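Below: the structure, in structure tokens.
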Amino acid sequence: MLGAAAPTILGENGLGSYASAIQGVGLIGAVMLWGYGIWWFAMAALITWKYLREGLPFNMGWWGYTFPIGVYALATLRLHDVLPIGALLVYGAALVAVLAALWGIVGARTLAGAWRGDLFVSPCLIEPLTTGD
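Numbered as in this note's numbering, the sequence shown ends at 1433 without a single skipped number.
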């Protein structure tokens, strides 16, 4: 986005000769942040997989995965617009599919927990039962 806006904004302010440099910096920055996104996604998936095998209970915090995956999917698809590499389009589409599946899973588990009434209960706030001294 920075690279696309640079020629217009810099040109109107008498700095049009710097536009190509700003476009290059924007592209390099985008690729670096996108690469960091690959690392984050891999770490999040591996850590989640580890705890799912150990019986990770569902809570509202699971919704916290939807935003970063959605942003990363859109960034991947936008990067494909700038760098027309077919693998970026395939990867972006796969991320959108993962996001849709995650929304379905988390949404269904949220509705089920709300229906049962145990989703919004904080175990640390429940008073201990007395034994009837």
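No residue lacks a Cβ here, since even glycine has one placed at the ideal position from N, Cα and C. Just so you know, these numbers come straight off a predicted model, no measurement behind them.
Figure out for me which residue from the options has the closest Cα to the Cα of residue i.
i	options	result
H1380	I1369, S1320, A1412, A1393	A1393
L1419	I1322, W1339, A1305, W1362	W1362
G1326	A1305, L1377, A1373, P1368	A1305
L1388	A1401, M1343, A1373, L1402	A1373
G1329	V1371, W1339, G1417, L1302	L1302
W1340	V1371, I1322, G1413, W1415	V1371
Note the first and the last residue of the continuous alpha helix (DSSP H) segment covering residue i.
i	result
Y1372	1366-1382
V1390	1386-1416
L1419	No alpha helix (DSSP H) contains L1419, which DSSP labels as neither H nor E.
G1314	Where G1314 is concerned, there is no enclosing alpha helix (DSSP H), given that its DSSP letter is neither H nor E.
Is it buried or exposed for residue i, if we count other Cβ within 10 angstroms and need 16 for buried?
i	result
I1369	buried
L1383	exposed
L1399	buried
T1348	exposed
T1376	buried
Run through DSSP, which three-state label would residue i get?
i	result
E1354	coil
I1322	helix
M1360	helix
L1341	The sequence shown places Phe at residue 1341, not Leu. Helix, per DSSP.
M1332	helix
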